Amino acid sequence: MKLWGGRFRKEENRVMEDFNTSFPFDHRLYREDISGSIAHVMMLGSCGILTMDEASQIRAGLEGILRDIESGALPLDGQHEDIHTFVEVQLTERIGDLGKKLHTGRSRNDQVAVDMRMYARSQAENLIAQLKSLTDALTTKGDEYPCIMPGYTHLQRAQAVTFRYYMQAYVSMFSRDAKRISSALQILNENPLGAAALAGTTHAIDRTITTEALHFTKPVDNFLDAVSDRDYLIELMSDMSIIMMHLSRLCEELILWSSQEFRFVSIDDAYATGSSIMPQKKNPDACELVRGKTGRVYGDLTALLTTMKGLPLAYNKDMQEDKPQFFDAVDTVSACLEIMTLVISTLKVHADVMEQSVRKGFLNATEVADYLVAHGCAFRDAHAIVGRIVIFCEDQGRAIEELTLEELKGFSDLFEDSIYEYIDYQNILRKGNKREML
Ligand code: ARG
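Counted the way my numbering counts, the sequence shown spans residues 46 to 483.
Okay, structure coming up:
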């Protein structure tokens with residue numbers, strides 16, 4: 046059954062029908078589609094375009110369809126052009142000819158636009174909640190292990206930090222991601238319904254009624270833009286790409302840290318897998334998959350940007366492609382946030398190994414230079430002196446704090462006994478603004 050058979054002399058070719066259908070993927074919009082239709086029909090009732098009795102009967106029919114879909118009594122399958130057709134055909138089957146009045150003053154173009162905005166809105170809210178669970182898990186894990194660890198630049202041991210502070214860096218990143226999504230939510234929350242196909246309607250509809258009923262902040266300013274705008278999906282997918290980039294960086298750290306070379310952490314057995322040939326292997330597959338799926342989400346974003354590029358106003362069927370792309374991105378990001386929250390909550394941290402790496406890596410060399418500066422040496426000179434100390438230590442396999450005062454004085458007579466207290470790792474973190482890392 047089609048919504049548009051009237052002007053056609055021939056049946057649609059079956060291959061074309063299969064090619065054109067969006068029902069296999071847009072059926073997930075059934076809730077938004079039905080609530081959008083209820084808001085629309087009640088508005089038609091309030092404006093006197095339908096009688097209130099007609100509007101209420103249509104509403105009851107739509108509510109029945111929703112109930113039956115949710116209970117499983119009405120399966121979302123079969124050959125239908127899209128979710129909008131499915132619902133309207135069902136409605137007419139259930140309440141008779143009155144169902145044919147539902148689409149008064151509306152087009153599938155503004156209908157699909159309102160469905161997608163509402164769907165994007167609820168998915169965005171869900172992502173914000175998931176980001177909060179992840180940042181909670183990162184905070185808890187950091188608080189559990191306040192130990193020192195090496196901080197890196199160029200992946201070379203650089204200066205001491207704390208594990209807690211390291212986790213907080215990711216908390217900052219994912220909190221920014223949540224703010225970006227909140228901002229996208231504000232921008233997207235405008236009501237496109239009432240734009241009809243592209244040019245509004247001759248019926249005296251009232252867009253403020255559907256705006257309020259569907260919890261939008263205002264109606265979209267321009268009808269042409271209302272049915273053509275997919276910016277909000279692109280914006281959310283950009284935000285999701287940044288989330289994936291952050292998750293991928295976190296995963297890369299965990300993959301490295303869980304290797305035999307680092308041994309900083311152990312990923313819980315429940316989130317690792319084994320090898321079919323090498324019995325000793327425990328692989329960080331969850332993290333590798335998240336890192337891998339990052340490319341997929343970037344791909345979805347690039348696909349939609351490319352789909353939209355060059356489209357003339359207003360609606361074009363190209364835009365149906367927004368759905369598989371957006372759905373794939375949001376499903377992927379949501380699954381990745383869920384698994385990473387579990388990986389982090391169950392992570393074991395080997396504080397002893399981290400501390401040993403700090404002690405072996407000259408991570409207090411900068412602070413030795415700071416000591417010389419505090420005692421009157423210019424920083425550049427201090428840098429050169431400590432560089433020579435490091436070579437000396439490397440040749441002897443010793444740490445700077447293991448040198449005697451005599452040996453240190455051989456490099457600069459500014460060294461006093463107080464140097465040992467100054468460059469002790471616990472003390473370092475209590476000096477200057479490093480205190481923020483504790
Ligand atoms: N399935 C379509 C989509 O997702 C719905 C809108 C159809 N509009 C039209 N004029 N054929 O974009």
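Just so it is clear, CB atoms sit at the ideal spot from N, CA and C, and this is done for glycine as well.
Quick caveat, the model's predicted, so the values are computed rather than measured.
Going by DSSP, which residues form a beta bridge with residue 311?
In the sequence shown, the residue the question calls residue 311 occupies position 266. Answer is 393, bridged to residue 311.
CA-CA distance, residue 32 and residue 375?
Since the first and last residues shown for the chain are 46 and 483, residue 32 lies out of range.
For residue 88 and residue 255, believed in contact at Cβ under 8 angstroms, the rounded distance:
The residue labelled residue 255 in the question sits at position 210 within the sequence shown. The residue labelled residue 88 in the question sits at position 43 within the sequence shown. That belief holds up - the Cβ atoms of residue 255 and residue 88 are roughly 5 angstroms apart, short of 8 angstroms.
Return yes when the Cβ of residue 143 is within less than 8 angstroms of the Cβ of residue 110, no when it is not.
As a working note, residue 110 is residue 65 in the sequence shown. As a working note, residue 143 is residue 98 in the sequence shown. No, Cβ-Cβ distance for residue 110 and residue 143 is not below 8 angstroms.
Through-space distance from residue 247 to residue 72, alpha-carbon basis
Residue numbering aside, residue 72 sits at position 27 when the sequence shown is read from its first letter. Residue numbering aside, residue 247 sits at position 202 when the sequence shown is read from its first letter. Residue 72 and residue 247: Cα-Cα distance of roughly 30 angstroms.
As assigned by DSSP and simplified to three states, the class of residue 361
Mapped onto the sequence shown, residue 361 falls at position 316. Reduced to three states, the DSSP call for residue 361 is coil.
According to DSSP, is residue 369 part of a helix, a strand, or is it coil?
Reading the sequence shown from its first residue, position 324 is the one you call residue 369. Three-state result, residue 369: helix.
Comparing C-alpha positions only, which one of 432, 327 and 82 sits nearest to residue 314?
As a position in the sequence shown, residue 314 is number 269, starting the count at 1. Residue 314 has its Cα closest to that of 327, out of 432, 327 and 82.
Return yes when at least one heavy atom of the ligand ARG lies under 7 angstroms from the C-beta of residue 360, else no.
Looking up residue 360 in the sequence shown gives position 315. With a cutoff of 7 angstroms, residue 360 counts as near the ligand ARG, since its C-beta is closer than that to a heavy atom of the ligand.
Starting from residue 204, follow the beta strand (DSSP E) in both directions and report where the run begins and ends.
Along the sequence shown, one-based indexing puts residue 204 at 159. That run of the beta strand (DSSP E) goes 201 to 207.
For the 8 angstroms Cβ check, are there 3 or more pairs between the region 212 to 230 and the region 166 to 177?
yes
Among 91, 364 and 478, which one has its Cα closest to the Cα of residue 153?
For the purposes of this step, residue 153 is taken as residue 108 along the sequence shown, with counting starting at 1. Closest by alpha carbon: 364.
Pair within 8 angstroms by beta-carbon distance, residue 410 and residue 445
Along the sequence shown, read from residue 1 onward, the residue named residue 410 stands at position 365. Along the sequence shown, read from residue 1 onward, the residue named residue 445 stands at position 400. Yes, the pair counts as a contact, with Cβ atoms nearer than the cut-off.
Quick check on the burial criterion: 16 or more other C-beta atoms within 10 angstroms. Buried or exposed for residue 473?
Translated into positions along the sequence shown, residue 473 becomes position 428. Burial call: buried.
By Cβ distance below 8 angstroms, which residues in the same chain neighbour residue 139 in space, the five residues on each side in sequence not counted?
The residue you call residue 139 lines up with position 94 of the sequence shown. 106, 109 and 110.
Beta-carbon spacing of residue 292, residue 226 below 8 angstroms
Reading the sequence shown from its first residue, position 247 is the one you call residue 292. Reading the sequence shown from its first residue, position 181 is the one you call residue 226. The answer is no: Cβ separation not under 8 angstroms.
Does the structure place the region 324 to 338 close enough to the region 125 to 135 that three or more beta carbon pairs sit under 8 angstroms?
Of all C-beta pairs linking the region 125 to 135 to the region 324 to 338, fewer than three are shorter than 8 angstroms, placing the two stretches out of contact.
Okay, do the region 270 to 280 and the region 150 to 169 touch, 3+ Cβ pairs below 8 angstroms being the bar?
yes
heavy atom of the ligand ARG below 7 angstroms from residue 154 C-beta:
Locating residue 154 in the sequence shown gives position 109, counting from the first residue. Yes, the ligand ARG has a heavy atom inside 7 angstroms of this Cβ.
Per DSSP, which residues does residue 263 bridge with? Please list them.
Numbered from its first residue, the sequence shown carries residue 263 at position 218. Paired residues: 235.
Check residue 499 in the structure and name its three-state DSSP category.
Limits of the chain in this structure are 46 at one end and 483 at the other, which puts residue 499 out of reach.
Where residue 215 sits in the DSSP three-state scheme
Locating residue 215 in the sequence shown gives position 170, counting from the first residue. Residue state, collapsed to three classes: helix.
Give a single yes or no on whether residue 181 has its beta carbon closer than 7 angstroms to a heavy atom of the ligand ARG.
Position 136 of the sequence shown, counting from 1, holds the residue named residue 181. Distances from the CB of residue 181 to the heavy atoms of the ligand ARG are all 7 angstroms or more.
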